Amino acid sequence: MPQSFSAPKGVPDYVPPRSRDFLHVRRQLAQPAEDAGYQYIELPVFEDVNLFARGVGESSDVVSKEMYTFTDRADRPLALRPEGTAGVMRAVVEHHLERGALPVKLWYAGPFFRAERPQKGRYRQLQQVGVEAIGSDDPALDAEVIALADEGYRSLGLTGFQLLLNSLGCATCRPGYRSKLLAFLQNLDLDEETLQRAQANPLRVLDDKRTEVKAQLGGAPMMVDHLCEACQTHYDMVREYLRAAKVSWTETPNLVRGLDYYTKTAFEFTHPLLGAQSGIGGGGRYDGLMAQLGGPEMTGIGFGLGTDRTLLACEAEGLPLAPAQLVSVYGIPLGATAKQSLVSLAADLRRKQISVDLAFDGRALKGAMKAAVRTGARFVVISGDEDEAQGVFQVKDLATGVQVAVPRVEVSAHIAAALSAGAPASRSADPDSDHPSFASTGDLP
Ligand code: HAM
C-alpha cells in the first residue's frame, strides 16, 4: 500500500462547507479597509530572514523561537513570513510608494508561519487580514485603523469581543520608563530566564501569563503613567476620535504586544469564548520601523486580524456565516441532446453572472433533484427528449414549487428576471423529500 499523508502538525485545512465560512470571514474583515480607500498588496510568503530579525525584533518569541528559516540553493538565508508588517515596509520602500500621496494605505491577506506549540486556535500556518497606513502621525488615523477592525468583526455579527487599548510611549519617554520598570522587576522573586527576558525587554514581563509572576506585578510602574507630553496628547486624541467613531474600549495598561516595533498606540481584540488563544486581532503604531529597515523616517500604524480565530469566534457565538446557497440554478439533462442544450444554457447564464451547476454522469432525475436541493438553487432547469423536440426547458421554481415550460430562447431572460425580482415567501426545500410534482413533457426514466 502506498503511504497516505496528513497535513503537517498544527496546520489547518479548510474544506467545504467550512471553507465557505472561512472565505466569508476573510471578505468581511477586509471590506471595511476597501471601503476606506486602502489598496490591496500581495507579498511573497518568504523573505530575507534579516528583514524579520531587524523589523520584528530579536527579543520577540516570534523571531527568536518561532521562525521557519531555511537557505535556498544559493545559500541565501530566508524565512517564511511570521507576520506582515515588515514585508509591507520592505515593499513600500523598494517600490518608493512612500514618495507618493500620504498616508500610503494598504491591506493584505494570507498565510503566516510560526512554529508555535499547536492547540485550538494556535496554528503553525495562521491566516491574517492586515492593514498598514504609512506616513502620517495623525491620531485620527490610529482611530480609523482600530475602527476598521471593529467594523470587520461587527459586520460578521460578532458581539462578544473586546478592544484592549494602551499606549507604549516613544523613543523619548520609553527609555526612562523602561529603567524604572527594570529596577522594579529586579526586586521581585523571578526565575533566571524571566530576569533575562526583563533585561532584553522588561515590558514583555508585564504580559507574563503565570499566576506567580502576575501576583507580583501589582505595584509595577505602567507606561501610560510615564508618557511624554507628545505621547499623552496623541493618546488623548486617539481616544477622542474613537469616541467619535463610536468604538468602545477597555484601558489595558499592561498590554504589551508580542512584537518589538510598537510605539504609542497599541491594541488587541480578544474574544472570551476562545479560551487561552483569545486574541482575535491586534496592532499598533510603529514609529521607527521603516528607518530601521533602511527606509526614510516615516511612521505608520496597522493591524493583523486572525482569520482562523475570528472564524472560531463566530462559531462560538453560533453565528450564521456564508449564505447556504451555492448556485442559483441547477440543470438536469435527461439525455445526450438535452445535455448539449444545458451545457450551452449554463455557459449563457454564467456569462450573465448567474451561477449554475449541472448534473453530470447521466444522473437519474430523483438523485439529481436531491443534489439540486442540496446546492440551495432557486431554479431547476430540466430537459428531456420531448422538451428538446418542442424547443423548451422545464423551469421549476423551488421557492414556490411552480413549474413552467419556457421556450429555450427565453429561458435565460426568464431566470434573470425572476432572480432580480427576489425570492417569494419561501417553501422549505428538504433534500430528502421526493419531488413527484416534477413533470416533464418528455419520457422520464
Ligand atoms: P500579532 O498580534 O502577532 O500581530 O498577530 C495578529 C493576530 O494573528 C493575532 O491577534 C491572532 O488573532 C492571529 N495569530 C497570531 N498567531 C497565531 C497563531 N499561531 N494561530 C492562529 N492565529 C494567530 C501581527 O502579526 C502584526 N503584524 C499586526 C500588525 C500589523 N501590527 C501593525 N501592523
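For reference, each letter of the sequence shown is one residue, going 747 to 1191 in the working numbering.
From the three backbone atoms N, C-alpha and C, an ideal C-beta is built for every residue, glycine too.
Given the structure is predicted, the values throughout are model-derived calculations rather than measurements.
If we cut at 8 Å on Cβ distances, does T1083 have a partner in chain C? Within the model displayed, chain C is absent; a lone protein chain is all it includes.
Endpoints, the alpha helix (DSSP H) within which Q768 is located: Strictly speaking, residue 768 in this sequence is Phe, with Gln absent from that position. Looking at the DSSP string, the run of the alpha helix (DSSP H) that includes F768 is R764 to D781.
DSSP-derived helix/strand/coil call for P1177: Note that P1177 has pLDDT 42, beneath the 50 cutoff, so the model's placement of it is unreliable and the number below is only indicative. In this structure, P1177 counts as coil in the three-state DSSP scheme.
Cβ-heavy atom distance, T1011 to the ligand HAM, below 7 Å: no
Could you tell me the distance, in whole angstroms, from the CA atom of R1109 to the CA atom of G1130? 13 Å
Mind the definition here: the region 1017 to 1026 touches the region 789 to 804 only if three or more C-beta pairs lie below 8 Å; say whether that holds. no
Quick check on the DSSP output: the beta strand (DSSP E) that includes V1126 runs from which residue to which? F1125 to S1129
Looking at the unbroken alpha helix (DSSP H) that takes in A1037, where does it start and where does it end? L1035 to Q1038
Would you report the Cα separation of V771 and I880, rounded to the nearest angstrom? 25 Å
Kindly give me the distance between the Cβ atoms of D888 and T1011, rounded to whole angstroms, as I take these residues to be in contact under 8 Å. 5 Å
Helix, strand or coil at P790 according to DSSP, with G and I counted as helix: coil
Classification of M747 by the beta-carbon crowding that lies within 10 angstroms, buried from 16 upward: exposed
Should D896 be listed as close to the ligand HAM, given that the test is whether its C-beta is under 7 Å from any heavy atom? no
Does the pairing of the region 926 to 946 with the region 1052 to 1059 give three or more beta-carbon distances under 8 Å? no
Distance check for D953 and R943, CA to CA, integer angstroms please. 11 Å
Do L852 and Q785 have their beta-carbon atoms positioned less than 8 Å apart in this structure? yes
For I1161, the three-state DSSP class (helix, strand or coil): helix
Leaving out five residues on either side along the sequence, give the residues of the same chain with a beta carbon under 7 Å from the beta carbon of G1004. S806, D807 and V808
Closer than 7 Å to a non-hydrogen atom of the ligand HAM - does that hold for the CB of F768? no
Between the beta-carbon of M969 and the beta-carbon of P921, is there less than 8 Å? no
Does DSSP put T1011 in a helix, a strand or coil? strand
For the beta strand (DSSP E) that P1153 lies in, which residues bound it at each end? Q1149 to P1153
Leaving aside the five residues before and after E997 along the sequence, list all residues of the same chain whose C-beta is less than 7 Å from its C-beta, in chain order. L911
Could you tell me the distance, in whole angstroms, from the CA atom of R870 to the CA atom of S994? 32 Å
Contained alpha helix (DSSP H) runs [length at least 4] in the region 1021 to 1098, N- to C-terminal order: 1035 to 1038, 1053 to 1062 and 1082 to 1097
Stretch pair the region 1073 to 1088 + the region 1058 to 1065: three plus CB contacts closer than 8 Å: no
Nearest-angstrom Cα distance between T1009 and K1116? 58 Å
Going by C-alpha to C-alpha distance, which of T817, Y854, Y760 and A825 sits closest to K811? A825
For L1035 and M835, believed in contact at Cβ under 8 Å, the rounded distance: 6 Å
Please state whether the Cβ-Cβ distance between K1112 and S1158 is less than 8 Å. no
E780, buried or exposed, once every other Cβ within 10 Å from all chains shown has been counted against 16: exposed
Go ahead and pull the three-state DSSP assignment for P967. coil
Output the distance between the C-alpha atoms of D896 and L902, rounded to the nearest integer angstrom. 10 Å
Is the Cβ-Cβ distance between E844 and M1044 less than 8 Å? yes
For P716, write down the residues that DSSP places opposite it in a beta bridge. With the chain represented from 747 up to 1191, any question about residue 716 goes unanswered, as that position is not in the structure.
Presumed contact (8 Å Cβ cut-off) between D767 and L1057, rounded CB distance: 6 Å
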